[in-house]
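So the structure is just underneath, and the comments pick up after that.
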Amino acid sequence: MALLDEVKSELSEIDGEMAAAQKAQATAMLRFGGGLRKTEKGIIVQAQFDSLEAARWLQHAIKHQYGHDSILNAVDRQTPNGPVRRYLITIDRGGVALALQCGLLDRHTHQVVGGLPKEITSGNIAQVKTIWRGAFLAHGALSDPGKASYLEVVCPTDETVIDLTSAARRLGISAQARQLRSSRRVTLKDPDAIERMLILMGAPRSAREWTGKRSDGEARGKANRLANFDDANMRRSAKAAAEACEKVRHAFAILGDDVPENLRAAGQLRLDHGDASLEELGRLANPPITKDAVAGRIRRLLQLADKVQRAQQES
């Protein structure tokens with residue numbers, strides 16, 4: 001099971017909360033999962049979810065908190081990534097009454113409310129937590145561990161963006177509103193804030209798993225970066241050593257037997273141990289010398305060869 005599915009499954013298992021909190025969650029799920037559709041016969045309330053457990057939770061809440069029956073259907077649709085299954089809750093009988101009870105319709109004007117009703121946005125902290133829980137169950141997403149961290153909810157209206165960011169602020173969490181193509185989103189990117197929000201919504205088990213996998217992913221990412229860095233350094237060192245060997249051979253060809261013994265010995269060490277570092281060459285010398293001494297002798301050997309070559313060209 002994917003981690004996002006595990007989070008939504010854990011959130012859907014929560015039971016036994018006060019009626020006000022359950023109603024706040026049901027209202028958020030209806031608002032973020034779909035909303036109201038007007039027909040000739042009245043209003044149909046619908047909400048769609050990617051989690052069967054979430055859809056069943058809402059169906060149960062609508063029956064026991066508001067006294068309305070609902071229909072649960074599985075809906076398959078094609079996407080660019082292949083077929084996906086969604087779960088659709090429909091209330092076609094008593095839709096107006098339910099919308100008024102949830103606060104999705106204004107009691108005086110019967111106009112659709114753009115955001116969430118003030119009774120729950122200004123309610124107690126338990127209600128504020130369930131606003132986020134309901135919104136996340138309806139249209140939430142969570143990054144896979146090891147990737148750039150985010151937790152976000154797609155919002156149906158500008159008003160719901162404001163309500164959700166305000167709810168996060170009441171929970172002590174900073175959430176960012178952003179527009180991605182045609183969708184409005186409220187996003188958390190700080191890993192600590194994401195972990196805290198998962199816990200506040202009621203998914204501590206998933207929060208621990210997400211944090212643990214994220215840490216493992218970061219460790220693997222760091223190890224890969226270090227390995228790549230080391231590999232790049234090794235390639236550069238090998239290339240430099242090969243170039244140094246070629247220069248030494250060229251110097252020996254120009255100088256012939258007319259090479260000071262200490263410079264010849266340093267150059268021969270370079271040729272005999274092409275992959276060795278200067279420090280390793282110094283230890284292989286007889287007697288051992290420092291890497292700076294090795295580098296200096298090879299440098300003087302090449303300079304001497306250049307000097308002799310220029311003299312030959314001028315004569």
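Read in order, the letters of the sequence shown correspond to residues 1 to 315 in the UniProt record's numbering.
Glycine included, each C-beta is placed from N, C-alpha and C at the ideal position.
Item	Value
Measuring alpha carbon to alpha carbon, tell me which of Leu171, Gly212, Gln179 and Leu180 ends up nearest residue 393.	The structure shown does not extend to residue 393, since the chain spans only 1 to 315, so no value can be given for it.
Whole angstroms are fine: how far does the CA of Leu180 sit from the CA of Asp230?	With a pLDDT of only 48 at Asp230, under 50, the local geometry of the prediction cannot be trusted, and the value read off the model is given with reservation. Distance between the alpha carbons of Asp230 and Leu180 is about 38 Å.
Check whether the segment 261-270 touches the segment 244-253, counting contact only when three or more Cβ pairs, one atom from each stretch, lie closer than 8 Å.	yes
Starting from the Cα of Ile254, find the closest Cα among His273, Ala295 and Leu301 and give me that residue.	Leu301
Starting from the Cα of Asp15, find the closest Cα among Leu164, Arg56 and Asp50 and give me that residue.	Arg56
Does the separation of the CB atoms of Gln59 and Ala19 fall below 9 Å?	no
Does the beta-carbon distance from Gly94 to His68 come in below 9 Å?	yes
With a threshold of 9 Å between beta carbons, is Ile199 in contact with chain D?	Chain labels in this structure do not include chain D; a single protein chain is all it has.
In the DSSP assignment, find the unbroken alpha helix (DSSP H) run with Val128 in it and report its ends.	Ile125 to His139
Report the rounded CA-to-CA distance for Ala99 versus Val45, giving the unit in angstroms.	7 Å
Using alpha carbons as the reference points, say which of Leu137, Phe252, Ala175 and Thr187 lies closest to Gln25.	Leu137
Could you give the distance in angstroms between the alpha-carbon of Arg86 and the alpha-carbon of Ala141?	15 Å
Quick one, which of Glu53, Arg185 and Ala167 has its alpha-carbon nearest Thr121's?	Ala167
My guess is that Pro145 and Lys213 are in contact by the Cβ rule of under 8 Å, so how many angstroms apart are they, rounded?	3 Å
What's the C-alpha gap between Lys189 and Leu151?	7 Å
Tell me where the beta strand (DSSP E) around Pro83 begins and ends.	Gly82 to Ile91
Just reading off the alpha helix (DSSP H) that Asp258 is part of, what are its end residues?	Segment: none, Asp258 is in no alpha helix (DSSP H) and carries neither H nor E.
Among Gln127, Gly114 and Gln22, whose alpha-carbon lies nearest the alpha-carbon of Asp158?	Gly114
Would Gln313 be called buried (16 or more neighbouring beta carbons within 10 Å of its own) or exposed?	exposed
Does DSSP put Asp306 in a helix, in a strand, or in coil?	helix
With distance defined between alpha-carbon atoms, name the residue in Thr39, Arg205 and Ala295 nearest to Glu6.	Arg205
Rounding to the nearest angstrom, what Cα-Cα distance links Ile199 and Ser9 in this structure?	14 Å
Start and end of the alpha helix (DSSP H) containing Arg196?	Pro191 to Met201
With DSSP run on the structure shown, which of helix, strand or coil describes Thr121?	helix
Quick one, which of Gln22, Val161, Thr79 and Pro117 has its alpha-carbon nearest Arg133's?	Gln22
Kindly indicate the opening and closing residues of the alpha helix (DSSP H) around Leu284.	Leu278 to Leu284
Let me check understanding here. Comparing Cα to Cα, which of Gly35, Ser182 and Lys129 lies closest to Ile43?	Gly35
For the candidate residues Leu88, Ile125 and Asp76, whose alpha-carbon lies nearest to that of Met29?	Leu88
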